[in-house]
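Take a look at the structure set out below.
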Amino acid sequence: MPLFKPSQLPAALLLLAGAISLCPPTQAADWPMWRFDAQRSAASPQQLPAALQPLWQQHYGPRQPAWDDPLNLDLMTYDRVFEPIVLGNRLFMGFNDSDKLLALDTRTGQELWRFYAEGPVRLPPVGWQGRVYFCSDDGYLYCVSAETGELQWKFDGAPNRQQALGNRRLISAWPARGGPVIRDGNVYFCASIWPFMGTFLYALDADTGEVRWVNDSTGAQFIKQPHSAPSFAGVAPQGALVATESLLIVPGGRSVPAVFDRGSGTLRYFELNAGGKGSGGSFVTADEKYFYVHTREKGTRAFHLGDGVKTAFMPNEPVLAEGRVYSAELVEGQAVVRAYGADDALLWQVAADGRGDLILAGQQLVAAGADSISIIQLPTAEREAEVVYSLPVAAAVERLLVADDKLFAITLEGHLLAFGPSPSAPEGAPAATSVAAGSTPPASPTAAATSPTTAPAPPLLTELLQAGQAEGYALWFGRADDSLLDTLVAHSPFTQLAVVDHDGQRVNRLRRQLDAAGRYGQITAHHATAEAFAAPPYVAHQLFVATNLATEA
């Protein structure tokens with residue numbers, strides 16, 4: 020269903036007319052990282068176009084987050100909503116259910132290409148000099164061409180290829196959940212979420228993938244815990260890394276982050292007990308004075324960047340720009356957006372609902388609320404801060420970004436909305452896609468075989484299923500285009516079926532077929548030999564070996 024509210028847009032645009040003079044035109048800018056830059060400031064210099072209108076929308080469905088239980092819901096939010104980035108006229112976002120990076124044309128919403136990893140893509144990608152970098156639960160950091168999606172290089176962050184069951188999926192025992200960040204030509208990321216198994220923090224040359232340094236020695240340390248008693252622990256990297264001029268900040272899942280020297284990888288400090296219980300999480304951002312980490316809901320607490328000591332300053336997820344901190348809050352039951360100065364003192368506030376997300380675009384704040392997106396003009400010597408217009412939407416927006424002279428909004432339900440100066444595509448742009456779910460091409464005749472069916476299973480498959488325990492996890496080794504596999508996929512009773520084939524083309528075809536049928540994730544395809552695929556011991560209730568495996572090299 021369309022989430023734009025066209026009937027209300029003319030009024031919004033009339034309100035805008037009086038503010039056009041406040042918005043000088045600027046050149047289109049990118050949004051190359053989560054929250055715009057390496058410090059995750061959520062502040063872009065690009066000014067919004069003078070008149071925003073709906074351009075297009077896509078719907079991909081809600082995400083399947085790793086941690087969706089009440090205890091972790093507020094602290095580890097890194098994959099609960101799509102987190103796109105934009106380079107030029109291309110938008111990129113990862114999928115934690117179908118294990119891919121997707122590229123869209125920002126002018127039309129049309130899919131340009133997709134790249135499949137060997138596991139869920141949970142962290143936001145990074146764009147730099149015509150390339151896109153992203154990590155996966157398979158333990159790898161990938162570098163692909165922004166233009167074509169062709170793999171440039173990939174780097175294995177895990178010590179070996181051992182698999183494990185993680186968040187209902189078959190993944191690396193050292194998943195890469197320390198999301199990449201780029202600064203000064205280096206890309207940083209982390210693998211492993213279990214300190215006792217070792218954590219691996221890397222700095223790589225962003226152009227070549229060569230290792231600048233690695234820290235693999237800070238996994239399990241005997242340190243004071245949040246309950247003030249010592250025990251073995253360490254940072255468990257989960258969340259997008261933050262790079263300041265000299266420091267690298269690594270989110271620690273539910274804990275406060277660890278801080279490393281960006282030049283050498285040496286641990287500066289990890290004050291696990293500094294925040295006490297209730298402070299920590301995957302959301303981390305930093306200015307030159309503090310880093311900010313989650314508390315509950317959208318709340319954060321500021322910690323001194325130099326030593327990790329906590330402060331009493333607690334804005335909601337902050338926007339950081341030129342010594343100012345902007346925060347969307349609820350004050351005495353009223354939604355407001357506030358600005359704080361260098362001494363953490365309140366400078367001004369304006370009534371606006373930004374409880375979904377808040378970003379800065381040039382001299383305007385953009386606030387996402389329950390049913391609208393508000394544009395707030397920053398104050399000048401002559402004028403106070405004010406809401407200059409609003410864009411009505413039919414669902415709560417959780418993520419905003421501005422790039423390519425457009426505003427993009429994302430909902431928890433998986434809607435991607437694009438607003439721009441004109442609904443007409445520029446000359447040379449591809450035609451708008453009409454695909455509404457997943458932006459995948461229509462299912463081919465071959466893809467029909469991957470769709471589930473209620474028809475009785477053929478006798479041979481019935482016998483095979485009855486020979487074992489037809490539930491839980493199953494493994495298939497052999498050709499990914501075997502006719503018996505097609506039948507098994509159509510009648511699969513398993514929670515997850517993993518297909519392992521050494522032929523990359525066959526694997527990629529099956530991935531696309533399953534994705535088109537909406538089944539990728541429940542059934543996955545892996546490019547590996549049977550000998551190299553290190554499945555966890557005793558993981559499979561049933562194991563199938565194709566007849567070709569013994570004879571095909």
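In my numbering, the protein residues as written are 20 to 572.
For each residue, glycine too, the CB sits at the ideal point set by N, CA and C.
Self-check item: Helix, strand or coil at E348 [DSSP, three-state]
Solution: strand
Exercise. Give the DSSP bridge partners of H434, in chain order.
Key: H78
Quiz item: Per DSSP, what kind of secondary structure is P411 in: helix, strand or coil?
Solution: strand
Practice problem: Give the DSSP bridge partners of T319, in chain order. | Solution: H313
Quiz item: Are the CB atoms of A415 and L431 nearer to each other than 9 angstroms?
Solution: yes
Quiz item: Would you call S502 buried or exposed, if buried means 16 or more other Cβ atoms sit within 10 Å of its Cβ?
Solution: exposed
Exercise. Taking all protein chains shown into account, decide if R315 is buried (16 or more other Cβ within 10 angstroms of its Cβ) or exposed.
Key: exposed
Self-check item: Exposure label - Y557; buried when at least 16 CB within 10 Å
Solution: exposed
Quiz item: If we ignore side chains and look at the alpha-carbon of each, how far apart do F153 and P139 end up?
Solution: 11 angstroms
Quiz item: Any idea what DSSP makes of A85, helix, strand or coil?
Solution: coil
Self-check item: For A559, the three-state DSSP class (helix, strand or coil)
Solution: coil
Self-check item: Between the CA atoms of Q485 and A225 - distance to the nearest angstrom
Solution: 51 angstroms
Self-check item: Endpoints, the alpha helix (DSSP H) within which D224 is located
Solution: Note, D224: premise wrong, no alpha helix (DSSP H); beta strand (DSSP E) at 219 to 224.
Quiz item: Measuring CB to CB, does D203 end up less than 9 angstroms from L220?
Solution: no
Self-check item: Where M112 falls: helix, strand or coil (DSSP)
Solution: strand
Practice problem: Please work out which residues of its chain come closer than 6 angstroms, Cβ to Cβ, to G327, disregarding the five sequence neighbours upstream and downstream, and give them in chain order. | Solution: Y288, E290, A293
Quiz item: Excluding five sequence neighbours on each side, which residues of the same chain lie with their C-beta closer than 8 angstroms to the C-beta of P256?
Solution: R196, G197, C209, A210, S211, I212, T218, L220, V269, P270, G271, G272
Practice problem: Go through its chain and collect everything with a Cβ distance to L562's Cβ below 6 angstroms, but skip five positions before and after it. | Solution: L494
Quiz item: Would you say T127 and W75 are within 9 angstroms of each other, going by their C-beta atoms?
Solution: yes
Quiz item: Considering only residues of the same chain and omitting the five flanking positions on each side of L22, which have a CB-CB separation below 8 angstroms?
Solution: Q76, V412, A413, A414, T430, H434, L436
Quiz item: What does a CB cutoff of less than 6 angstroms around F427 pick up in its chain, not counting 5 residues either side in sequence?
Solution: L420, A437
Quiz item: Buried or exposed: which applies to E307, given that a residue is buried once 16 or more other Cβ atoms fall within 10 Å of its Cβ?
Solution: exposed
Quiz item: D372 and S393 look like a contact to me (Cβ under 8 angstroms); what is the Cβ gap, rounded to whole Å?
Solution: 7 angstroms
Practice problem: Name the residue from W53, V369, V145 whose alpha carbon lies nearest to the alpha carbon of S164. | Solution: V145
Quiz item: Nearest-angstrom Cα distance between V454 and R231?
Solution: Low local confidence applies: a pLDDT of 33 at V454 is under 50, so the model's placement there is unreliable, with the coordinate-based value given in what follows. Cα-Cα distance, rounded: 43 angstroms.
Quiz item: Where do the N-terminal and C-terminal ends of the beta strand (DSSP E) with R202 fall, by residue?
Solution: 197 to 202
Quiz item: Excluding five sequence neighbours on each side, which residues of the same chain lie with their C-beta closer than 6 angstroms to the C-beta of T548?
Solution: H521
Self-check item: Secondary structure of S391, DSSP reduced to three states
Solution: strand
Practice problem: Name the one or two DSSP bridge partners that E405 has. | Solution: Q396
Quiz item: Is it right to say Q353 is buried, meaning 16 or more other beta carbons lie within 10 angstroms of its own, or is it exposed?
Solution: exposed
Quiz item: By DSSP, does Q485 sit in helix, in strand, or in coil?
Solution: helix
Quiz item: If you draw a straight line from the C-alpha of A536 to the C-alpha of S117, how long is it?
Solution: 11 angstroms
Quiz prompt | Length of the line joining the Cα atoms of E405 and P398 | solution = 8 angstroms
Quiz prompt | Buried or exposed by the 16-neighbour rule on C-beta atoms within 10 Å, applied to R5 | solution = As shown, the chain starts at 20 and ends at 572. That puts residue 5 outside it, with no answer to give.
Practice problem: Below 8 angstroms on the Cβ atoms is my guess for R525 versus N567; work out the distance and round it to an integer in Å. | Solution: That pair is no contact at about 11 angstroms.
Quiz prompt | Top-ranked residue by Cα proximity to E490, from F513, S155, D157, Q148 | solution = F513
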